[in-house]
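Enquirer:
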Amino acid sequence: MHGLMNRAIQAFVCNTYGRDRWIEVIERAGLGFTEFEAMLVYEDEQSQKVLAELSRELDRPLMEILEDMGTFLVSHPQLEPLRRLLRFGGVTYEEFLHSLDDLPDRARLAVSDLHIPPMELREHTGGQFSLSCGPDLPGFSSVMVGVLRAMADDYGALVILDLQGREGETEIISITLIETAFAEGRSFDLGARAG
Amino acid sequence: MTATHDLLKILDTLCPMYVLLGDSGHIRQVGPTLQKLRPDQPMQGQRFLELFELNRPRCVEGMSCLLKRAGAKLHLSFRDDPRTALKGVLVPLPGNQGAIVNLSFGISVLDAVRDYALTSADFSATDLTIELLYLVEAKSAAMEASRMLNLRLQGAMIAAEEQAFTDTLTGLKNRRAMDHILGRLLDRASRFSLMHIDLDFFKSVNDTYGHAAGDFVLQHVAHVMVEETRSSDTVARVGGDEFVLIFDGLQDADILDRIARRIIARLEEPIRYNGEICRISASVGTTLFEPGSGADAARLLHEADVALYAAKNAGRAQHFFFDASLDAEDMDQKEAG
Chain C
629 MHGLMNRAIQ
639 AFVCNTYGRD
649 RWIEVIERAG
659 LGFTEFEAML
669 VYEDEQSQKV
679 LAELSRELDR
689 PLMEILEDMG
699 TFLVSHPQLE
709 PLRRLLRFGG
719 VTYEEFLHSL
729 DDLPDRARLA
739 VSDLHIPPME
749 LREHTGGQFS
759 LSCGPDLPGF
769 SSVMVGVLRA
779 MADDYGALVI
789 LDLQGREGET
799 EIISITLIET
809 AFAEGRSFDL
819 GARAG
Chain P
16 MTATHDLLKI
26 LDTLCPMYVL
36 LGDSGHIRQV
46 GPTLQKLRPD
56 QPMQGQRFLE
66 LFELNRPRCV
76 EGMSCLLKRA
86 GAKLHLSFRD
96 DPRTALKGVL
106 VPLPGNQGAI
116 VNLSFGISVL
126 DAVRDYALTS
136 ADFSATDLTI
146 ELLYLVEAKS
156 AAMEASRMLN
166 LRLQGAMIAA
176 EEQAFTDTLT
186 GLKNRRAMDH
196 ILGRLLDRAS
206 RFSLMHIDLD
216 FFKSVNDTYG
226 HAAGDFVLQH
236 VAHVMVEETR
246 SSDTVARVGG
256 DEFVLIFDGL
266 QDADILDRIA
276 RRIIARLEEP
286 IRYNGEICRI
296 SASVGTTLFE
306 PGSGADAARL
316 LHEADVALYA
326 AKNAGRAQHF
336 FFDASLDAED
346 MDQKEAG
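Line by line, the protein sequences are chains C and P. Residue numbering for the first sequence follows our numbering, beginning at 629 and increasing consecutively. Residue numbering for the second sequence follows our numbering, beginning at 16 and increasing consecutively.
This is the structure:
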C-alpha cells in the first residue's frame, strides 16, 4: 500500500487518539519503524498488521474505524489539500459523485504509483445511486463511506449512506441523495491553493 | 440580428471569453467570463486595442492590422491593472462585418483564478483549466511530500557519513577518514607533513586501572592533540593507541618538532582518573611529502612508521623525522630479524 495511505492512517490515529497510542500500535505491529514515509511504497501486509493492531487497541470493529478515518481525511484542517482535490471533482455533490469514476486516474496523474481501487457510480431513480468499489484494497469501501459522508457535509447536501455488502469481490455503497442544498456547506475557492 | 443574438448565446456557453468586434474595431459584445474580469467597466462600445495591448505580433494600426493576423496566436494583455496576460485567436466574420476574438488565460490562469475569484462555472465544460488547477495542487502536494522525504534522507546520510568517518570513542577522525584525506592531498599534490604518534605505557594503564581508565586516557590524549593543532590539521585515531596527524601546507621542521615535543610533554603530565594517577608518554615519527616524489599513501605511512620506530628505539618520548638512512637500518633490522 502506498505511503500516502499509510501516512493517512498514521495521521488519523495521531490526531484522534494521540501519538502515544500510535507508537503503541505500530510497535505492536512489529514493523521496525514508527513513521510511514508518504512517498515510499509499503507491503500490503505491513498496513494490514497496523490496522489489525489498531482495531485490537481501540477494541472497535475495523470497518467503523476506517469509516471515521474517511471522515477525518476530508474534514481535518491538516488535510485541507485533499479536500480541495476532491472538490475539484464537481460544483455539486452529484457532480462530485460522478467524478469518482475518474478518481483513480486523477490520483495516478498526481502520484504515478498511487493505486486507488476502481469505482463505478450507477444512478438509479429518485436520487438513488450505488457506488461499487473494486476488490483490491480491503476496507476501502468503509473509508469511502466516511469520505462520502464528510463530502456531503462539505457540499451542504443531505444524504443517507449504507454499505450494502458485496457483489462477488466488489463492495457496494448505496447513496440516497435527499437534498442537494440542505445546508450552507463549506466554500471552495478555486484560487485559494491550499498550502 | 436574431441570428447574431442566437450565435452569441451559443458563444456564451462554448467560449465565455469571446469578443465580438465591429468593422471599426469597437467591441460589440463580450462573453460573461471576460466581462467578469472588469466588473465595473462595461467592455461593450470600447475600442478593442484601447482595452487590450497586442504584445505579439505587434500591431499599432488598428482593425485592418488585426484582421491580417486572422488565425494566428495573439499574445495580449490588459492595458490597466491587473495587466493579466491573455492568449487569443481572431476569426473575421463574413462580409466585412467585423470579427470574433476568442481569449483564454494561458499560463496566467493560476493568478487569474485568484485575482478575479473565478469558479468552475466561469469556464466552459470542456475547458481543461479545472484539470490544470487540480494538477498544480496535486503535484505541489506530492512534491512537498517528496521534498520532506529528501530532507530526512539527506539528514540521515550526513549523520551516517559522519559516523562512518568518526572514531566514536574520541570523536577524532578514524582510519577511513584519514585514508580519504590523505588520498585527496596526494591527488591535489599539496605539500604536507604526516606525523605518526604511538602512546607509550598505555598498555600498562589498561592492565592496571582497567579499560574505563584506558578509554578516559584516550579521550584526554585526543583532547590534547586537537588543542595542539590547527583546526585545518587532521587528527585521526588509526589504531588502539596509534594516531596520525596530517598538517596540510606545513613542512617547517622546527615548527613540526615544536608541535611534537609539546604534545609529548603534555601527554606526560599525570592524568587523574577516579583518584588514580595514570602516566603515559608518546613517541613520534614524522615524514614530509614532496609533490612529484612519486610517494603514495602506503609509502608515506611506512616512512612515518620507520621514523616512529627509530624514536622508540632511541628511548621513549622522542620525535624523529624520516630520512632514507633510517629506512636502510629498518631494512637491515628486518633482514637480520
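Even glycine gets a Cβ: it sits at the ideal position worked out from N, Cα and C.
1) Thinking C-beta only, is residue 700 of chain C closer than 8 Å to residue 643 of chain C?
2) CB-CB under 7 Å to residue 647 of chain C, same chain, minus the five flanking residues each way: which ones, in chain order?
3) Taking only beta-carbon atoms, is residue 709 of chain C less than 8 Å away from chain P?
4) Quick check: the stretch 765-778 of chain C against the stretch 792-806 of chain C, are at least 3 beta-carbon pairs closer than 8 Å?
5) Which residues of the stretch 139-154 of chain P have a Cβ closer than 7 Å to any Cβ of chain C? Give them in chain order.
6) Can the beta-carbon of residue 785 of chain C be found less than 8 Å from the beta-carbon of residue 751 of chain C?
7) Return the chain-ordered ranges of every beta strand (DSSP E) run that is complete within the stretch 41-81 of chain P and spans a minimum of 3 residues.
8) How big is the Cα-Cα spacing for residue 280 of chain P and residue 332 of chain P?
9) Buried or exposed for residue 109 of chain P, please, with buried defined as at least 16 other CB atoms from any protein chain shown within 10 angstroms of its CB.
10) Would you mind telling me which residues of chain P sit closer than 9 Å to residue 719 of chain C, beta carbon to beta carbon, in chain order?
11) Can you list, in chain order, the residues of the stretch 731-753 of chain C whose Cβ is nearer than 9 Å to any Cβ on chain P?
12) When you compare the CB positions of residue 303 of chain P and residue 205 of chain P, do they come within less than 8 Å of one another, or not?
13) Just the Cα atoms here: how many angstroms apart are residue 718 of chain C and residue 726 of chain C?
14) Which one of P:181, P:325, P:77 has the shortest CA to CA distance from residue 213 of chain P?
15) Could you check where the beta strand (DSSP E) with residue 203 of chain P kicks off and where it finishes?
16) Beta-carbon of residue 129 of chain P versus every beta-carbon of chain C: anything under 8 Å?
17) If we cut at 8 Å on Cβ distances, does residue 784 of chain C have a partner in chain P?
18) How long is the line joining the alpha carbons of residue 329 of chain P and residue 259 of chain P, rounded to whole angstroms?
19) Rounded to whole angstroms, how far is the Cβ of residue 243 of chain P from the Cβ of residue 277 of chain P, which I believe are closer than 8 Å?
20) For residue 161 of chain P, return the contacting residues in chain C, with the cut-off set at a CB-CB distance below 7 Å.
21) Just the chain P side, please: which residues come within less than 9 Å of residue 713 of chain C by C-beta, in chain order?
22) With 8 Å set as the bound, which would you pick, yes or no: does the beta-carbon of residue 52 of chain P sit closer than that to a beta-carbon of chain C?
23) Taking Cβ positions, are residue 702 of chain C and residue 778 of chain C nearer each other than 8 Å?
24) With distances taken between CB atoms, is the gap from residue 106 of chain P to residue 114 of chain P smaller than 8 Å?
25) In angstroms, rounded to a whole number, what distance separates the CA positions of residue 240 of chain P and residue 187 of chain P?
26) Which chain C residues sit within Cβ distance under 9 Å of residue 184 of chain P?
27) List the whole-angstrom C-beta distance separating residue 84 of chain P from residue 72 of chain P, where the pair is believed to meet the contact cut-off of C-beta under 8 Å.
28) Assign residue 796 of chain C to one of two classes, buried (16 or more other C-beta atoms within 10 Å of its C-beta) or exposed (fewer than that).
29) With residue 213 of chain P as the anchor, note down where its beta strand (DSSP E) starts and where it stops.
30) Name the chain C residues that come within less than 9 Å of residue 164 of chain P, Cβ to Cβ?
31) Helix, strand or coil for residue 804 of chain C, going by three-state DSSP, please let me know.
32) Let me check one thing: in DSSP terms, what residues is residue 257 of chain P bridge-paired to?
33) Does the stretch 152-169 of chain P come close enough to the stretch 736-751 of chain C that 3 or more CB-CB pairs lie under 8 Å?
34) Is residue 716 of chain C close to chain P, meaning its C-beta is less than 8 Å from at least one C-beta of that chain?
35) Should residue 121 of chain P and residue 100 of chain P be called a contact, given that it needs their Cβ atoms to be closer than 8 Å?
36) Hey, is the stretch 291-311 of chain P in contact with the stretch 222-242 of chain P, meaning 3+ C-beta pairs nearer than 8 Å?
Expert: By the coordinates alone:
1) yes
2) Contacts found: none.
3) True, the Cβ-Cβ gap to chain P drops below 8 Å.
4) yes
5) 145, 148, 149, 150, 152, 153, 154
6) no
7) Complete beta strand (DSSP E) runs here, min 3: 42-45, 67-71.
8) 8 Å
9) exposed
10) Near residue 719 of chain C (Cβ distances below 9 Å), the residues of chain P are 134, 135, 136.
11) 734, 735, 737, 738, 739, 742
12) Result no, Cβ atoms of residue 303 of chain P and residue 205 of chain P do not sit closer than 8 Å.
13) 8 Å
14) P:325
15) That residue, residue 203 of chain P, is in no beta strand (DSSP E); its alpha helix (DSSP H) goes 190-203.
16) yes
17) Chain P places no beta carbon closer than 8 Å to that of residue 784 of chain C, leaving this residue out of the contacts.
18) 20 Å
19) 5 Å
20) For residue 161 of chain P, the chain C residues whose C-beta falls within less than 7 Å of its own C-beta are 667, listed in chain order.
21) 149, 152, 153, 156
22) no
23) In contact: residue 702 of chain C and residue 778 of chain C (Cβ atoms closer than 8 Å).
24) yes
25) 10 Å
26) Per Cβ cutoff of 9 Å: no residues; residue 184 of chain P is ~28 Å from chain C at best.
27) Contact between residue 84 of chain P and residue 72 of chain P holds, with the beta-carbon distance rounding to 6 Å and staying under 8 Å.
28) Burial call: exposed.
29) 207-215
30) Chain C residues near residue 164 of chain P: 631, 665, 666, 667, 668.
31) strand
32) P:213
33) yes
34) yes
35) yes
36) yes
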